[in-house]
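Residue numbers (this note's numbering): 1 to 207. No residue lacks a Cβ here, since even glycine has one placed at the ideal position from N, Cα and C.
Here is the structure:
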């Protein structure tokens, strides 16, 4: 694992995915995404963790910052708004915020760019790259909904990691993997975490 990369992502074959973990519940989604990316040849992960994200990693998973940073190819301090990934000249596949707090959603929706996470998201949007936000909150108030609409109108994808049950999950890990696999699908990354829907069988249809 390395920290600030020495230069931007060059060449048409460059495959770099930005990953941010913020203070919403669901830290496991960001960790599982990083674990999945490690096994994909030719793809590098670039990680940012907010201070609240660090607290949640400890509270929910018993992990500290170094444990999670070790899963990424590159790591950036969240306050380093001058990092290479803060520029559109650093070419990436896009960015995933997993989980995405309502505070981070609001900052992205308003274009605040007040830290490296929100600045990177702003860059992804302005460069017309893919931004996926695994927003976590319930119930939703009107401010939340309006911010989701604003990000969607700018080209981002609002992806609440809602559990699916049609594949009959047997564990929390299988529920998480299903959402993470679908996120990878959005970036055209081959994955085997999420089972493909085979269609209803005749026995199920007749039942």
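At a cut-off of 6 Å, would you count residue i as near the ligand GDP, judging by its Cβ distance to the nearest heavy atom?
i, result
"residue 107", "No copy of the ligand GDP occurs in the structure displayed, which carries no ligand at all."
Quick check on DSSP: helix, strand or coil for residue i?
i, result
"residue 46", "strand"
"residue 61", "helix"
"residue 201", "coil"
"residue 2", "Because residue 2 sits at a pLDDT of 46, beneath the cut-off of 50, its placement in the model cannot be relied upon, and the following sentence gives the value as read from the coordinates. Three-state DSSP puts residue 2 in a strand."
"residue 75", "strand"
"residue 111", "coil"
"residue 97", "strand"
"residue 18", "strand"
Would you mind stating whether residue i and residue j have Cβ atoms separated by less than 7 Å?
i, j, result
"residue 130", "residue 188", "no"
"residue 20", "residue 48", "yes"
"residue 32", "residue 176", "yes"
"residue 60", "residue 27", "yes"
"residue 161", "residue 179", "yes"
Would you kindly report the start and end of the unbroken alpha helix (DSSP H) that includes residue i?
i, result
"residue 30", "27 to 38"
"residue 52", "51 to 56"
Given a threshold of 16 other Cβ atoms within 10 Å of its Cβ, counted over all protein chains shown, does residue i qualify as buried or as exposed?
i, result
"residue 199", "exposed"
"residue 22", "buried"
Going residue by residue through the stretch 120 to 188, where are the continuous beta strand (DSSP E) segments of at least 3 residues, counting only ones entirely within it?
130 to 135
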